[in-house]
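Numbering-wise (numbering that gives the first Met the number 0), the sequence shown opens with residue 0 and increments by one.
Some notes on the structure that comes next.
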Amino acid sequence: MVSDDTVDYWESARDDGLEIHVVDRMYLNEMKQAYRNSDRLVAQSSFDSSNQFQQQLRGLVDLRHKVMHPAQTLVRNRQDVERLAGRVDRIEQAIQRV
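Structure (structure tokens):
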């Protein structure tokens, strides 16, 4: 669920006296996977299933990649604008439901 690199960094920081939560070092994919694999978290949300959660956030990792690497064009045409708006709407809805 959580990568060895994430756990190693968290343990190293803790050993150095830094009090950080492991989630502070998790990658977006790790967070999605942890949520999706936790029946308890899904049950506490307003999602009916982890599949519904996954569908709601499809495209989020791709959007994050494009935003974090600005050398790539985010929007090329009207269809890209509509796709981006749809992703943002789905992300906002998912955040409200978690």
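Ideal placement from N, C-alpha and C gives every residue a C-beta, glycine not left out.
Scanning Gln71, Val74 and Gln55 for the CA closest to the CA of Ile90 turns up Gln55. Looking at Gln71, Arg77, Gln51 and Arg63, the one whose alpha-carbon comes closest to that of Val87 is Arg63. Secondary structure of Asp79 (DSSP, three-state): helix.
Pairing Gln78 with Ala93, the inter-Cα distance amounts to about 23 Å.
Within the same chain, Cβ atoms closer than 8 Å to the Cβ of Arg35 are found at Val41, Ser49, Phe52 and Gln53, the five residues on either side in sequence being excluded.
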